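Under full-length UniProt numbering, the first residue of the sequence shown carries the number 1, and numbering increases by one thereafter.
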Amino acid sequence: MSSNSNINIKQLDILQEYDKAMIKKFQNLIKDDSLTFKNNIELTSLNFIEILNIKTLVLENCYNIIPILQSQTITDLQIQRCNIHSFKKFQLDKLEVLIFYSSKKKETKLLAKEIEKYTKLLEIRLVGCMVDIQYISNIIKLIKLTINWCDLLNTQKIKTLVNLQELSLNFCQEVDITSLQYLRQLIKLSLQQCNIVSIDPLRPLSKLQELNISDNKLVYLQPILELKQLSTLYTANNKIVDTKIISQQSSIQNFDLGNQNRPSLEELRVAGVVKDIQNQIANLRSISQQTMNLKCKRSNFRYEIARKLQNQYYVQNIFYQQIIFINNIEDIQ
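See below:
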């Protein structure tokens with residue numbers, strides 16, 4: 001992208017000398033319609049941004065920012081750990097992606113109150129102390145939403161975001177997931193370390209393909225049996241008592257139990273096969289013995305049946321021993 005061709009000379013004439021200097025300083029830094037300011041750079045004005053016709057603006061670790069930002073071209077705005085106290089004078093009519101990282105509760109609340117006017121947003125990523133989703137509940141075009149590290153997050157109004165396909169609420173200490181049952185378009189869902197004790201509300205999410213429920217207080221996983229599209233599941237650091245239920249969900253291809261010292265997904269499925277073989281062996285042995293005790297005038301026929309059953313029993317038993325040896329599965333009852 002050639003920066004010079006995007007600068008309107010008449011517009012440039014009305015800018016202050018400081019803004020002209022900023023344009024000359026940064027116009028060569030534009031790459032692929034993107035401009036990044038980082039590492040304690042001082043920005044006492046953002047007026048020049050409107051002249052640069054960029055699509056992505058990244059502000060990282062900046063200070064002394066005068067919060068006046070207007071642009072008809074910016075679609076992606078990323079603000080990380082910058083000293084911004086107000087967003088009222090931000091006018092970004094085409095904004096589709098907003099990423100905001102802050103450790104300051106005041107800044108996040110200020111942003112939350114202003115964010116609702118950006119109804120064209122498709123993705124929002126907030127990391128900080130936001131406590132209520134009401135300010136984004138009317139942005140119904142949202143496809144991706146991330147709200148991480150937010151204590152006491154109120155998710156009641158999230159049910160209005162019916163077009164969400166990806167949702168992350170990681171490291172939010174208290175999260176009520178009841179309202180998530182209305183998000184029927186969800187494909188990816190991450191609820192890591194949210195003190196969740198049950199995933200029952202997730203049963204209606206028939207399109208869900210990836211689920212991260214690590215670091216919670218879960219004991220049972222039965223609801224996953226209703227998630228027929230689920231292919232990836234993360235459940236590390238829970239209190240799950242029966243992980244074998246995962247082998248019953250044939251759609252799951254990737255599975256991580258983390259530090260729970262549980263068998264892998266393949267081991268669980270092999271264990272299921274071995275259990276079936278054990279049952280078949282027991283049945284064959286029983287039938288063989290019953291055949292030998294039959295009262296039959298044709299003793300040769302009786303012995304022939306018993307011999308064939310016994311041979312099948314031995315074959316199944318050998319197969320069983322091989323599986324045990326190869327997969328090192330012991331003490332399966």
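Quick reminder that beta carbons are idealized off the backbone N, C-alpha and C, glycines included. As the structure is a computational prediction, the values presented were derived from the model and not from experiment.
Residues that residue i bridges to, as DSSP identifies them
i           : result
residue 171 : None, per the DSSP bridge assignment.
residue 234 : 212, 256
residue 189 : 167, 211
residue 57  : 35, 77
residue 126 : 100, 147
Residue i to residue j span [Cα, whole Å]
i           : j           : result
residue 243 : residue 95  : 44 Å
residue 297 : residue 250 : With a pLDDT of 49 at residue 297, under the threshold of 50, the predicted position of this residue should be treated as unreliable, though the coordinate-derived value follows. Roughly 49 Å separates the two Cα atoms.
residue 92  : residue 57  : 11 Å
residue 245 : residue 256 : 14 Å
residue 241 : residue 222 : 11 Å
residue 147 : residue 191 : 10 Å
residue 60  : residue 220 : 42 Å
residue 261 : residue 239 : Annotation note: pLDDT 46 at residue 261 (below 50); position unreliable, no value reported.
residue 120 : residue 102 : 23 Å
residue 82  : residue 163 : 31 Å
residue 247 : residue 127 : 35 Å
residue 165 : residue 37  : 31 Å
residue 209 : residue 203 : 13 Å
residue 84  : residue 100 : 11 Å
residue 169 : residue 224 : 19 Å
residue 193 : residue 182 : 22 Å
residue 229 : residue 184 : 12 Å
residue 54  : residue 98  : 15 Å
residue 141 : residue 187 : 16 Å
residue 231 : residue 150 : 28 Å
residue 178 : residue 123 : 22 Å
residue 201 : residue 49  : 45 Å
residue 235 : residue 143 : 25 Å
residue 77  : residue 137 : 20 Å
residue 113 : residue 135 : 6 Å
residue 340 : residue 62  : Only positions 1 to 333 of the chain appear in this structure, which leaves residue 340 out of reach.
residue 167 : residue 68  : 30 Å
residue 227 : residue 206 : 5 Å
Where residue i sits in the DSSP three-state scheme
i           : result
residue 120 : coil
residue 73  : coil
residue 137 : coil
residue 224 : helix
residue 180 : helix
residue 245 : helix
residue 197 : coil
residue 162 : coil
residue 261 : Since pLDDT at residue 261 reaches only 46, below the 50 mark, its modelled position is unreliable, and no value is offered.
residue 115 : helix
Residue span of the beta strand (DSSP E) that contains residue i, given as start and end
i           : result
residue 98  : 97-101
residue 254 : 254-256
residue 147 : 144-148
residue 34  : 34-38
residue 92  : 90-92
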